[in-house]
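Enquirer: Supplied in structure tokens, the structure appears directly below.
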Amino acid sequence: MPPASRPTFRFAPSPTGRLHLGHALSAILNAEEAREVAGRFLLRIENTDLTRCTPENEAGIYEDLLWLGLRWEEPVRRQSEHFADYGRALEQLKAMGLIYPAFLSRGEVRRMIAEAEAAGEPWPRDPDGVPLYPGDERRMPEAERQARMNTGEPFAWRLDMQAARERIGRALSWTDTGNGPDGETGQVAADPAAWGDVVLARKEFPASYTLAVVVDDALQGITHVVRGRDLFHATAVHRLLQVLLELPEPTYHHHRLVLDDEGRKLSKSAGSPSLADLRAAGVTPHDIRTMLGL
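Start counting at 1 in the sequence shown, then tack on 28, and there's your number in the numbering used here.
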């Protein structure tokens with residue numbers, strides 16, 4: 029693990045589409061904060077999902093960032109080239125008895141939720157409003173687990189949240205120099221249990237974002253994580269994994285989001301205008317900074 033001799037920041041987009049104004053804000057803030065403290069600015073390409081991430085979109089990321097006037101250290105870390113790192117972290121958690129194979133399909137989970145709610149039983153949801161995974165498979169006999177995995181049945185590796193919290197045996201927190209959705213700042217109490225048994229890997233994907241991000245930040249010596257407020261609550265799970273895997277704790281700064289005219293967060297899936305679209309329309313890098321209030 030590299031020594032944190034200098035403050036180190038990173039911008040870590042996923043090449044599932046072109047960058048938009050929200051990405052530009054995060055990239056510029058990271059680059060400028062690094063420059064202000066004579067630190068390092070790194071670029072990481074988060075492309076574990078090889079079905080949705082494309083070389084064309086990755087090339088577009090470099091093009092957009094260079095157009096904005098940003099420069100970063102080489103080489104760029106590409107997650108698809110480091111699956112072994114995530115596998116080692118997964119094996120550590122497996123050796124501690126903290127992960128289990130989960131076989132329920134999305135359809136089966138939806139059916140369980142519908143039946144419970146029809147009976148008047150509210151189903152717990154995570155901070156993003158997504159229903160928590162049932163977790164009954166935590167008690168599945170090992171022989172049955174192995175038999176089902178050996179047949180090639182699809183499964184995901186999930187963190188046994190209760191066992192993980194019991195292993196740590198103490199409350200967790202993180203330092204945030206930005207602001208959470210409700211103005212949280214400073215020393216923030218972490219509540220990883222709110223996310224339930226999160227996915228850490230799938231049969232077809234060697235690592236989820238949740239696992240890969242903490243491994244990458246540690247291996248790259250990231251000291252300052254500057255990112256959007258939409259990831260504020262997820263930091264609780266990142267802190268949990270950092271403690272379990274004995275990884276260093278960065279300082280976090282969650283910044284404001286760029287919203288559309290209807291107050292929604294910009295997103296690729298919602299068709300928000302990309303930086304490439306704005307550039308084609310004659311917008312300049314200076315205009316981008318003005319639009320972002322910089």
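Note that the Cβ used here is the ideal one computed from N, Cα and C, for glycine as well.
If I measure Cβ to Cβ from S300 and keep anything under 8 Å in the same chain, skipping five residues before and after, which residues do I get?
Expert: Cβ within range, chain order: H48, L49, G50, D288 and L294.
Enquirer: In three-state terms, what does DSSP make of D204?
Expert: Strand at D204.
Enquirer: Candidates P209, A147, A298 and L126: which alpha carbon is nearest H18's?
Expert: With the chain represented from 29 up to 322, any question about residue 18 goes unanswered, as that position is not in the structure.
Enquirer: When the Cα of A112 is compared with those of T318, F260 and F233, which residue comes out closest?
Expert: Nearest option by C-alpha distance: F233.
Enquirer: Where does Y161 sit, in a helix, a strand or coil, going by DSSP?
Expert: In this structure, Y161 counts as coil in the three-state DSSP scheme.
Enquirer: Do T251 and T44 have their C-beta atoms closer together than 8 Å?
Expert: Not in contact: T251 and T44 (Cβ atoms no closer than 8 Å).
Enquirer: In chain order, what are the residue ranges of uninterrupted beta strand (DSSP E) at least 3 long that sit wholly in the stretch 35-104?
Expert: You should have 36-39 and 68-73.
Enquirer: Rounded to whole angstroms, what is the Cα-Cα separation between E172 and R46?
Expert: Near 44 Å, if we compare the C-alpha coordinates of R46 and E172.
Enquirer: Which two residues bound the contiguous alpha helix (DSSP H) that contains G249?
Expert: No alpha helix (DSSP H) holds G249; DSSP gives it neither H nor E.
Enquirer: Please classify D225: is it buried, with 16 or more other beta-carbons within 10 angstroms of its beta-carbon, or exposed?
Expert: Buried is the call here.
Enquirer: Which residues in the same chain have their Cβ closer than 7 Å to the Cβ of S108, if we skip the five residues on either side of it in sequence?
Expert: Contacts found: N75, T76 and L78.
Enquirer: Over the uninterrupted beta strand (DSSP E) stretch that includes G291, give me the two end residues.
Expert: No beta strand (DSSP E) contains G291, which DSSP labels as neither H nor E.
Enquirer: Who are the Cβ neighbours of Q120 in its own chain at under 7 Å, not counting the five residues just before and after it?
Expert: So the list reads L273, once near-sequence residues are dropped.
Enquirer: Determine, using beta carbons only, whether D92 comes closer than 8 Å to chain B.
Expert: Among the chains of the structure shown, chain B does not appear; only one protein chain is present.
Enquirer: Could you check the C-alpha separation between P31 and D245 for me, to the nearest Å?
Expert: The pLDDT assigned to P31 is 48, lower than 50, so where the model puts this residue is not dependable, and the model offers no usable value.
Enquirer: Can you tell me where the alpha helix (DSSP H) holding L320 begins and where it ends?
Expert: Run containing L320: none; DSSP gives neither H nor E here.
Enquirer: Here's the rule I'm using: 16 or more other beta-carbon atoms within 10 Å means buried, otherwise exposed. How should P278 be labelled?
Expert: Buried.
Enquirer: Nearest CA to the CA of V286: which residue from V271, R257 and L94?
Expert: Among V271, R257 and L94, the Cα nearest to that of V286 is on R257.
Enquirer: Start and end of the beta strand (DSSP E) containing L187?
Expert: From DSSP, the beta strand (DSSP E) with L187 extends over A184 to L187.
Enquirer: Look at E91 and L70 and say whether their C-beta atoms are less than 8 Å apart.
Expert: Their beta carbons are not under 8 Å apart, which means E91 does not touch L70 by this criterion.
Enquirer: Just the C-alpha distance for F222 and I89, rounded to the nearest angstrom, thanks.
Expert: Phe is not the amino acid found at residue 222; the sequence shown has Ala there. Each residue's Cα considered, the two are about 33 Å apart.
Enquirer: What first and last residue would you give for the alpha helix (DSSP H) that runs through L269?
Expert: Run containing L269: T263 to L272, per the alpha helix (DSSP H) assignment.
Enquirer: With DSSP as the reference, identify every bridge partner of L126, one or two as the case may be.
Expert: DSSP, once it has assigned bridges, lists no residue as partnering L126.
Enquirer: Tell me the residue span of the beta strand (DSSP E) that contains A147.
Expert: Taken as a continuous stretch (DSSP letters only), A147 belongs to no beta strand (DSSP E), as it is neither H nor E.
Enquirer: In terms of alpha-carbon separation, which member of F131, M140 and R116 lies closest to M124?
Expert: Ranking F131, M140 and R116 by Cα distance to M124 puts R116 first.
Enquirer: Give me the residue from A66, V65, A142 and R99 with the minimum Cα distance to R72.
Expert: The residue with the shortest Cα to Cα distance from R72 is R99.
Enquirer: Determine, using beta-carbon pairs with one atom in the stretch 157-177 and one in the stretch 299-315, whether at least three such pairs fall under 8 Å.
Expert: Contact between the stretch 157-177 and the stretch 299-315 is absent, because fewer than three Cβ pairs lie under 8 Å.
Enquirer: Between E212 and D219, how many whole angstroms is the CB-CB distance? I'm expecting something under 8 Å.
Expert: Not quite, the Cβ-Cβ distance comes to about 11 Å (not below 8 Å), so this is no contact.
Enquirer: Keeping to the same chain, check which residues put their C-beta closer than 8 Å to that of E181; ignore five residues upstream and five downstream.
Expert: Result list for E181: F131, in chain order.
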